[in-house]
Amino acid sequence: MTTSRAGASRAAMDELISLAKRRGFVFPSSGIYGGINGFWDFGPLGVEVKNNLKKLWWDHMVRFRSDVVGVDTSIIAHPQTWVSSGHVKSFSDPLVDCKVCKGRFRADHIDSLPCPNKPSLTVQACAKEGKGEGELTDIRQFNLMFQTHVGAVQDVSSVAYLRPETCQSIFTQFKNIQGVSRQKIPFGIAQIGKSFRNEVTPRNFIFRSREFEQMEMEFFIKPEDSESQKWYEYWIDQRYQWFLSLGVQKNKLRLRPHAPDELAHYAKGCTDIEYEFPFGVSELEGIAQRSNYDLTQHIQGSGKDLSYFDEATKEKFVPAVIETSLGVDRTFLTVFCDAYAEDEVDGEKRAILRFHPQVAPIQVAILPLSKKLKEGAIKIEEDLRRYFRSDYDEAGSIGKRYRRQDEVGTPYCVTYDFESLENQSVTVRERDTTQQERVSLDQLKNYLSDKMQA
Ligand code: GAP
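So this is what it looks like as structure tokens:
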């Protein structure tokens, strides 16, 4: 059996998008109407993977810790939130239009985006070298927040925004959450939820979309602790280790500290965790040392006291914060790209998703060797589904069924055959090695549990 990971190429990306659609992981949103750029729907297998990732993040960041609590806040907040946070004024991208093809592009992407009229040229090359074929307008700023109106009257007074990040309501609710949870600094508040950005050029499948989910955590510390870098480095390491625990290949992950000129004026440091996607190395998560800027902004904007009183030292201060901010969809894309491989089994090409068992949408598939064995196989599946995400499949040859399960990343297939009727045992086939082992039915649940923990 020979194996090769998908190479860093467009072809690999096209293959992945096609697999995602074919097997029901991700579809373009409202495809019957031609789709809507920057929006995606997750199908039956995709939603399982997404839920698994969210649960694994929540367990790691909230459930298995005593110093982080969770929240779930509204998508639409008081519009002043976004004035105080600085989003109304400056959450924008530089935009240019082409007067000829009427395309609209991010000015800082025109050297890599293909021209819609002449895809062999970049937008910039078309405008510069296309002998008058493209002509770009001056750059102007375009605010990325989606606007809506709250209530029956649609005027300036009813304007509201779909949140472009989940963290701001963690800051506005800081005092309430700290009070009810009786957490003492240092402690964190975490949230998973939808965010919306009217991206000028959504691209690379679900990497940059207009509606996506974020998993963010704000860890509040004493302002003087932000000088020592201790917590900042701790969270960079925690987040990096989390990707390794999902089985993501270490050689595809990078840590990229931001250069001083990339940092916001209030930030003391920011490190991106990057992944080598088929379209290039790109940001997956940001870990930022944000001083006490956000809380201070909301204190000024609301006139409310969001400071913290330290009972032990009798000090009152506005805490500094370390933020970890990650997209669910980008994590999905990472595990999807990372798991994809093609190999050869018995001279036949196979596509395989080497998902970690905790990430895989189906953990075990039960396959009767013949339809005559249906009854016993169904019974096993009904038992196992209480413990594992399971599937039952009786359609087609056993080889075809193995390939189908390999392609969606099922780590174990249980085959129920005529011998099973006689001695209450089954064959368990392992996805990556294709090795098979005979396991007695009364040991099957423990056998699979042990394998999946390993
Ligand atoms: N609160 C900080 C913040 O939102 P960000 O770098 O703008 O920082 C954090 O976003 C993460 O959210 C990114 O690293 C990425 O994983 C995800 N993300 C941001 N914009 C996205 C988009 N348009 N589509 C998909 N994911 C996105």
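Basically my numbering = 1-based index in the sequence shown + 703.
Glycine residues also receive a C-beta, built at the ideal position from the N, C-alpha and C atoms.
DSSP-derived helix/strand/coil call for residue i
i     : result
C1116 : strand
C829  : helix
H852  : strand
M920  : strand
L1147 : helix
E930  : helix
K753  : helix
Y978  : strand
N846  : strand
G882  : helix
Closer than 7 Å: residue i CB and nearest the ligand GAP heavy atom
i     : result
F1195 : Here the chain comprises residues numbered 704 to 1157, so residue 1195 is not present and cannot be evaluated.
E1045 : no
S1028 : yes
C801  : no
S929  : no
C870  : yes
S912  : yes
R866  : no
L956  : no
L677  : Since the first residue shown for the chain is 704 and the last is 1157, residue 677 is missing from the structure and cannot be characterised.
L987  : yes
R942  : no
E977  : no
Cα-Cα separation, residue i to residue j
i     : j     : result
S721  : L748  : 14 Å
S948  : K831  : 47 Å
K971  : Q952  : 30 Å
S707  : F1035 : Summary for S707: the model assigns pLDDT 40, below 50, so the residue's position carries little reliability, and this model does not support an answer.
A811  : P797  : Reading off the sequence shown, one finds Asp at residue 811, where the question assumed Ala. Cα to Cα, the separation comes out at about 7 Å.
E919  : R1104 : 39 Å
R957  : Y1011 : 36 Å
V1117 : E1047 : 21 Å
Endpoints, the alpha helix (DSSP H) within which residue i is located
i     : result
C1040 : V1031 to A1042
V1111 : I1101 to V1111
K1082 : K1077 to L1087
Y996  : Y996 to S1005
Q783  : Q783 to S787
Q871  : Q871 to T875
S815  : Taken as a continuous stretch (DSSP letters only), S815 belongs to no alpha helix (DSSP H), as it is neither H nor E.
Beta-carbon separation (whole angstroms), residue i vs residue j, contact threshold 8 Å
i     : j     : result
S1028 : E977  : Contact doesn't hold; Cβ gap of about 14 Å is too wide.
Y1095 : A1080 : 7 Å
P1084 : I1101 : In the sequence under discussion, the amino acid at residue 1084 is Glu, which differs from the Pro named in the question. No, E1084 and I1101 are not in contact; Cβ-Cβ is about 16 Å, not under 8 Å.
P731  : G738  : 4 Å
E1110 : I1065 : Contact doesn't hold; Cβ gap of about 11 Å is too wide.
Span of the beta strand (DSSP E) around residue i
i     : result
D744  : W743 to F745
T1130 : S1128 to E1133
S777  : Note, S777: premise wrong, no beta strand (DSSP E); not H, not E.
L1056 : E1051 to L1056
D800  : S795 to D800
T897  : Thr is not the amino acid found at residue 897; the sequence shown has Lys there. That run of the beta strand (DSSP E) goes F890 to F899.
Contact test: residue i Cβ vs the ligand ADP heavy atom, cutoff 7 Å
i    : result
R713 : Among the ligands modelled here, namely the ligand GAP, the ligand ADP does not occur.
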